[in-house]
Amino acid sequence: ITVCASARLSAQNIAFSAVARESIMRDPAFQGGAYYDSGRRPDIGLAVARMMAHITYLSEVGMGEKFGRRIQDAEEPRFGLE
1481 ITVCASARLS
1491 AQNIAFSAVA
1501 RESIMRDPAF
1511 QGGAYYDSGR
1521 RPDIGLAVAR
1531 MMAHITYLSE
1541 VGMGEKFGRR
1551 IQDAEEPRFG
1561 LE
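For the sequence shown, this note's numbering begins at 1481 and goes up steadily by one.
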């Protein structure tokens, strides 16, 4: 069942979709799609697919705002060592 779709996807979006589908199907709890009556759901695969989808929803600017590198506290910079 298609819930929603766009008129056209780029090759990159098709690739992201393929990875998302694969993450769900490779979750052992997916059980070939017969998981409804088992009490187990492919939650890990679904979570990974959701993370992949979230990446595709953000623009380049949005990605920079959410994940970009910036000084957190310019007055007192903090450094981490490993």
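We put the CB at the ideal spot given by N, CA and C, even for glycine.
Buried or exposed for Asp1507, please, with buried defined as at least 16 other CB atoms from any protein chain shown within 10 angstroms of its CB. buried
(message) If you reduce the DSSP assignment to three classes, tell me which class Asp1517 lands in.
(response) coil
(message) To the nearest angstrom, how far is the alpha carbon of Ser1486 from that of Leu1538?
(response) 16 Å
- prompt: Can at least three beta-carbon pairs, one atom from the region 1491-1505 and one from the region 1527-1534, be found at a separation below 8 Å?
  reply: yes
Leu1489 by DSSP, collapsed to three states: which one?
-> coil
Which residues in the same chain as Tyr1515 place their Cβ atom closer than 7 Å to its Cβ, once the five residues preceding and following it in sequence are excluded?
Ala1509, Arg1521 and Pro1522
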